[in-house]
Every structure is written in C-alpha cells, then in structure tokens.
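Residues in the sequence shown are numbered consecutively from -17, following the numbering used here.
For glycine and all other residues, C-beta sits at the position ideal for the given N, C-alpha and C.
A quick note: this is a predicted structure, and the numbers were derived from the prediction, not measured.
So the structure is just underneath, and the comments pick up after that.
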Amino acid sequence: MLEKKKWDTVVFDLDGTLLNTLEDLKESVNFALNEAGMPLRSMEEIRRFVGNGVMRLMELSVPEGRENPKFERVFETFKEHYSLHCNDKTGLYDHVEELLGELKRGGYKMAIVSNKYYDAVQELKEQYFAEYIHVAIGEKENINRKPAPDTVIEALKMLGSTRETAVYVGDSEVDIATAKNAFMDCISVTWGFRTKEEQQKAGGKLFVDDPLEILDLLQD
C-alpha cells in the first residue's frame, strides 16, 4: 500500500490522460463534416484541435469556424453522433487501471475534471472509473471551463481537499495553465495528445512516461 506524502488528492484530466478518445472524436467530427459536404480532418489535425472543449474542436474543424453559416448545424450533428459513439474505439491507456487501483488502496482522493461536455464525462466515468472515482466534472453552464480553475476548485470542494495537498495530472498546455491558475502542482504525461516538447514550451516541468511513474512521485 502506498504511504501518503505531500499529496493526498489527485485530479485527472480525462482525454489524453486516462482515456485515448482521439479515434472516436475524429470519427464524429468527420461524420458531421461529411454530412455538410465539408473537407474531412486528419488524426493529426484532431490531435492538435482537442483540449479546449468540443465547441473549440468544431470551431477549428469547420472551415471559417463559427463564421460559417452551417456551423451550428454541423456542431449539433457532431454532438448527436458523439453521444452515440463516444465509446466505440475509446479505451484506457496502458497501466491506468493499475494506477487507479493503487491510489484507491492507498486512500488517495481522486477526481476527473474535463472540458468534454458533462453528459459524456459522466457516461465515460461510469463505464471506466466507477470503482475508483466518484467526482467527475465536465463542461456545463454557469461554470468556466479549463484553463480557468473553477471546475478544479469545485472538484476539490466536493472531495473535501485543498489545493495545497492536491496534484493535477494532464497532457496539454491547457492542463498546465489550469494547474497554475488553481495554484496547484502539476504532473504532465507524455502519452497523450501533446508531446513533451509542446508541454515544456507551455511551462511543464514534471513529466511521467507511464501512469505507474505517478506512484513514485507521490511517494517522493
């Protein structure tokens, strides 16, 4: 069992950190674009576009973004398709389940905070993390999404934790900024949607190449 040290709470990003959701996102984006007769997007483009919520994903995917008169229709088509297909090809990254099991056995508090819309976050939480994580917050009305600290602060309140004893784990520049804005420590992962170099440019300083390496950092 882990011996708790500096941190007793771990707040995770979802996409690119715990789950590889890229293929399903690409399929739904391209389904919506194809329905509107628009050019399709590559996996590399989708990788670069994700991280700031689905509205921003579609703004970057649709030619001319929200200025395009078809944008709202395409966005709705995407949401409808993704709500039905968000789990077709999505799966846990290697060693994530082992990590969560060790954290649970060690008595750590855990939460998920995502810019994915709320209903999808809840569905994926129940599918993959119900045994380990009970607090999961997605994009919803009346609360600022990441990199604003609001959703992270809400998660900490729900857990009864403080930012001083919590660490944020994510895979992008948005996550690094979120942790900074919440005055929290941050662990950046290298297996997600941004490279180590991209995250270093955004100010990332503490990196792991495998989920189980997080256990070592928690015990340092």
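Close Cβ partners of residue i (< 7 Å) along its chain, the five nearest in sequence each way excluded
{"i": "A14", "result": "V56, T59, F60, H63"}
{"i": "K178", "result": "T172, F189"}
{"i": "I135", "result": "A164"}
{"i": "G137", "result": "Here the sequence assigns Ala to residue 137, which means Gly is not the residue at that position. Closer than 7 Å at the Cβ level, and outside the excluded window around A137, lie V(-7), A93, V95, V117, I119."}
{"i": "I196", "result": "L81, V151, I169, V190"}
{"i": "Q182", "result": "none"}
{"i": "V78", "result": "L0, P193"}
{"i": "R29", "result": "L4, F175"}
{"i": "T133", "result": "V95, I119, I125, R127"}
Proximity to residue i [Cα-Cα], best of the options
{"i": "F111", "options": "V44, E179, E80, G89", "result": "E80"}
{"i": "P193", "options": "G152, G185, R87", "result": "G152"}
{"i": "T160", "options": "G83, D(-5), T(-9), K(-12)", "result": "D(-5)"}
{"i": "E105", "options": "H67, M140, Y75, L141", "result": "H67"}
{"i": "D101", "options": "L42, G142, T(-9), E123", "result": "E123"}
{"i": "N12", "options": "E113, V103, L42", "result": "L42"}
{"i": "W(-11)", "options": "R176, E5, T147, F31", "result": "T147"}
{"i": "M25", "options": "M37, L7, M40, M140", "result": "L7"}
DSSP three-state assignment for residue i, whether helix, strand or coil
{"i": "I119", "result": "strand"}
{"i": "S43", "result": "helix"}
{"i": "T133", "result": "helix"}
{"i": "M(-17)", "result": "Because the pLDDT at M(-17) is just 46, under 50, the model does not fix this residue reliably, and the value given afterwards should be weighed accordingly. Correct three-state label for M(-17): coil."}
{"i": "T(-9)", "result": "strand"}
{"i": "K128", "result": "coil"}
{"i": "K91", "result": "strand"}
{"i": "D198", "result": "helix"}
{"i": "K98", "result": "strand"}
{"i": "Y150", "result": "strand"}
{"i": "D167", "result": "strand"}
Closer than 6 Å: residue i CB and nearest the ligand GDP heavy atom
{"i": "E49", "result": "By its list of ligands, the structure shown contains no ligand whatsoever, and the ligand GDP lies outside what it can speak to."}
Nonlocal neighbours in the same chain, by C-beta distance under 8 Å from residue i, ignoring five residues either side
{"i": "G73", "result": "L1, N2"}
{"i": "Q109", "result": "N69"}
{"i": "P21", "result": "L15, P45"}
{"i": "K107", "result": "I94, I115, A118"}
Close beta carbons around residue i, own chain, < 6 Å, minus the five adjacent residues each side
{"i": "A18", "result": "K52, V56"}
{"i": "G35", "result": "N97, E121, R127"}
{"i": "G186", "result": "I158, S170"}
{"i": "G33", "result": "S154, V156"}
{"i": "S143", "result": "T(-9), K91"}
{"i": "D198", "result": "none"}
{"i": "P131", "result": "N163, A164"}
{"i": "D167", "result": "V149"}
Closer than 7 Å to chain B by CB, residue i
{"i": "M166", "result": "Although the question refers to chain B, the structure presented lacks it and comprises just one protein chain."}
Touch test, the stretch 89 to 105 against the stretch 122 to 129, Cβ-Cβ under 8 Å, three pairs minimum: yes
Length at least 4, wholly inside the stretch -7 to 38: the alpha helix (DSSP H) runs in chain order: 4 to 17, 25 to 31
Meets three-Cβ-pair contact criterion under 8 Å: the stretch 82 to 92 and the stretch 43 to 51: no
Within the stretch 43 to 74, ranges of the beta strand (DSSP E) (whole runs, at least 3 residues): none
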